[in-house]
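Beneath this line is the structure, given in structure tokens, with notes to follow.
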Amino acid sequence: METTMPPKSPPSAAATTCPTQPVSGVPCTCFMVRSLSRKISQLYDDTLALSGLKGTQFSLLAQARVRRGQEPLSVSALAQRLNTDRTTMTRNLRTLEQAGLIALVPGKDARSRCVVLTPDGDARYRQALGLWKQAQAEVRALCGGDQITALEQLVGQLLPRLAHVQEAA
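According to UniProt numbering, the residues represented by the sequence shown are 1 to 169, in order.
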């Protein structure tokens, strides 16, 4: 005996509402941006996994690499540049230091430490660069080049406007 399935009914209004929209019907910008950030971060982490790095670690190596031949950035300056607090930065750098990818060297001030890329860190960065480019291309393809350009411009405008907001330590 053949069983027929009833026709699918259209999704209810509740099912089609954006999950970032609370009952009030007003989108929550914070939740939307956090959700997008988590998804994009996971895409980068998944793509970079073959290199043994996460997206945040790749960014730290890239910042240290840019400084080759120049005065290295202090931990505080690097945290400020990457819009994170010093405590989080120190924790993230410790992992890279233990892996031998960066070295923390004394800064001009005896109390400060600066971030220097090691030869192993440079090799890992170069290994991961192609994977990072792959993740970049995937995000661009998913969103469309014009949309990504618009997003980059918006972020570039908003970050300076939010400079007065302090990170919690």
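Heads up, the beta-carbon is just placed ideally off N, CA and C, and yes, glycines get one too.
- Inter-segment contact for the stretch 106-113 and the stretch 25-36 is absent: fewer than three beta-carbon pairs are separated by less than 8 Å.
- For V26, there is no enclosing alpha helix (DSSP H), as DSSP marks it with neither H nor E.
- Y44 and P106 have their alpha carbons spaced roughly 32 Å apart.
- Ranked by Cα distance from A123, the options G52, G156, G145 are led by G52.
- It is roughly 25 Å from the alpha-carbon of G145 to the alpha-carbon of R126.
- Burial state of G156 is exposed, judged by a 10 Å Cβ sphere holding fewer than 16 other Cβ atoms.
- K54 and L61 do not touch by the CB rule: their CB atoms are close to 11 Å apart, not below 8 Å.
- Every alpha helix (DSSP H) of 4 residues or more that sits fully in the stretch 74-121 is shown, in chain order, as 75-81, 86-98.
- Short of 7 Å from the beta carbon of L78, and not among the five residues preceding or following it, lie these beta carbons of its own chain, in chain order: Q63, M89, V115.
- Shown here, Q136 sits in a helix according to DSSP, grouped into three states.
- Pairing S37 with L104, the inter-Cα distance amounts to about 29 Å.
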